[in-house]
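Residue numbers (my numbering): 4 to 455.
This report refers to the structure that appears directly beneath it.
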Amino acid sequence: MAQPAPVSPPPPAPALTNERTIPHRWRNLATLTGSTAVDSTEGSVTSTLFPTIAASLGLNSSHLGTMTALGKLASAPAGPLWTWLAGVTSRKTVLVVTSLLGGAFGIASGFSQDFASLLVLNVLMAASLVGGSPVGNALILDSFSDRDRARAVSYFYGAVNGIMSLVGPLLGLFTRTEEGWRTGLMVTGAIAVAAGLAQWLLIKDPGVGASEREFADLAANRRPAEKASPATILSLFRVRSYSIMMLSRLLSGHLLISVFGVTFLVQERDFSNVTAAIVLAPFGIGYIVGTLGGGVLVGWLDRVMPDRGRVWYIQAAQLLFAGAALIASQFDLGGIGLYAVLWALMGAAQGLNPPVNRPIVASVIPPRRRGQAMAVFITVFETIGWAVFSLGAGHFATTHSIQAVFLWVLVVLMVVNALVLGLLHVTYPQDVAAARAERERERDEALGDPAA
């Protein structure tokens, strides 16, 4: 009797490959750096020019707080919506459209004749520009592996703020004439339109998950597709480290320095708008030093303390900012020179954050949910924090002083933030391992592994 032929076991799934180098990743980074710098400058131009706008339209600090707060509140739902649209169309399309719309509204705001029209146009501009940030961040994270992300993000945010620091004092030149702020708004809006066209020509999207080791040998159509739904957003908060990072975002009071920093020096220290705007340059330079140095330091910490190095680093960044802000805001330092030094120190401390907070989020959230994770991180929680701080600070400053606001928000709250981030020492190593296991399971499913 013939023996049955032996059944061969299924071939094993291919072993995980090394992280691959993504084509066009540096061109993507350079293009997004330029466009983000333009969008960020346009988004902050009203704050920089506000003392002159206030004199022209008869406004005060509460108007600035209201305008900033409503712009941020409009951005909160707009960010996830833009990210969802990027999933059903393309990330490149959203990057281009947000810059074009933001630029158009910026140009129109230069024609404002009262607070109402300025407010509406600034809110529309903020809701348009906000879409580029989470989509651009997700594209960068998919262009660089976890090993290189801190370095790439440090280059990105360092260059963005370096450009902004150079543009800030130039924007102050528009305040030399009573109506010069209108020209400033129109010029920045026109540049944003040009940035949108540049993205259309130069961006090459590598696709979701392209830089992950588990997906390096998989074609784009076999990688897990990006998910964008209310259920996906809610599932993010089951990752404890992500929830801690969101809470930290709400406590990030240092964001207020970019809204009220120049106005503080004008109102509380009696500098002119042009002189006060000088601190934007050292702040930007400090930010560059902190960001670039931070990228190197995070890379070193990843090697010597892979489980908790990033946590110690991000805690230290909050405490360093609180110390610099205490001196910069609570003591009369005389001439603008000493303020420039302190603004540089605050810039350096703030610049330490992007090279670590984006990689932390990316390492605990799988690629298919990373776009929405960045949208919630950047546009929802950061936006809520901005709105609460700006609106509350604007009204509190009207009845008390910006100096008092800075004490509680830039100093006390930042110390509390550092303590909250200490919880990551417990959750972060576990969440990194869970995210890695999920990527491996998704790889097995893509390869049709019967054991998956």
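Here a beta-carbon is modelled for each residue, glycine too, at the ideal position from N, C-alpha and C.
This one's a predicted model, so the numbers in the text were calculated from it and none came from an experiment.
The beta carbon of residue 137 sits closer than 7 Å to those of 82, 86, 374, 377, 378, 381 and 382, all from its chain and outside the five residues before and after it, given in chain order. With 16 or more neighbouring CB atoms inside 10 Å of its own CB, residue 357 falls in the buried class.
For the segment 47-103, the full-length alpha helix (DSSP H) segments reaching 4 residues or more read 64-91 along the chain.
In the DSSP assignment, residue 409 falls within the alpha helix (DSSP H) that extends over 405-409. In this structure, the straight-line span from the alpha carbon of residue 78 to that of residue 276 is close to 28 Å.
Within its own chain, the residues whose Cβ lies closer than 7 Å to the Cβ of residue 44, once the five positions on either side in sequence are excluded, are 167, 170 and 191, listed in chain order.
In the same chain as residue 63, and ignoring 5 residues on each side of it, the C-beta atoms closer than 7 Å to its own belong to 57 and 401, in chain order.
Taken in chain order, the unbroken stretches of alpha helix (DSSP H) that lie wholly in the segment 134-221 and span 4 residues or more are 135-146, 149-175 and 183-205. By the criterion of at least three beta-carbon pairs nearer than 8 Å, the segment 234-253 is in contact with the segment 415-434.
Assignment of residue 356 by DSSP, reduced to helix, strand and coil, places it in the coil class. In the structure shown, residue 308 adopts coil according to DSSP, grouped into three states. For the 7 Å CB-CB criterion, residue 327 and residue 365 do not form a contact. Boundaries of the alpha helix (DSSP H) harbouring residue 370: 370-378, taken from the DSSP string. In this chain, the alpha helix (DSSP H) harbouring residue 246 covers 243-253. In the structure shown, residue 117 adopts coil according to DSSP, grouped into three states.
Residue state for residue 337 is assigned as coil, using DSSP reduced to three classes.
Annotated three-state conformation of residue 272 is coil, per DSSP. Under the DSSP assignment, residue 424 falls in the alpha helix (DSSP H) whose first and last residues are 416-424. Looking only at 258, 439 and 122, the smallest Cα-Cα distance to residue 69 is reached by 122. In this model, residue 435 and residue 280 are separated by some 42 Å (Cα to Cα). Leaving aside the five residues that flank residue 208 on each side, the residues in its chain whose CB is nearer than 7 Å to its CB run, in chain order, 93, 94, 95 and 142. A direct Cα-Cα distance of roughly 15 Å separates residue 359 from residue 307. Under the DSSP assignment, residue 234 falls in the alpha helix (DSSP H) whose first and last residues are 233-239. One alpha carbon belongs to residue 202, the other to residue 163, and they sit about 15 Å apart.
The C-beta distance from residue 129 to residue 74 rounds to 3 Å, short enough to meet the 8 Å contact threshold. Here residue 99 has 199, 202 and 203 as same chain residues with Cβ atoms under 7 Å from its own Cβ, once five neighbours each way along the sequence are excluded. Residue 26 sits in coil when the DSSP states are folded into three classes, being neither helix nor strand.
Of the residues assessed, residue 403 falls on the exposed side of the cut-off, its CB having fewer than 16 other CB atoms within 10 angstroms. Within its own chain, the residues whose Cβ lies closer than 7 Å to the Cβ of residue 388, once the five positions on either side in sequence are excluded, are 252, 253, 255 and 258, listed in chain order.
Residue nearest to residue 391 within the set 61, 65 and 51 is 65 (criterion: CA-CA distance). Within the model, the alpha-carbon separation for residue 338 versus residue 272 is close to 9 Å. In the three-state reduction of the DSSP assignment, residue 450 falls in the coil class. Beyond the five residues adjoining it in sequence on each side, residue 242 comes within less than 6 Å, by CB distance, of 367 and 434 in the same chain, given in chain order. Taking each of 72, 80 and 354 in turn and checking the Cα distance to residue 394, the smallest one comes out for 72. Residue 215 is a Cβ neighbour of residue 370, given a cutoff of 7 Å. Rounded to whole angstroms, the Cβ separation of residue 177 and residue 165 is 21 Å, and the two are not in contact under 8 Å.
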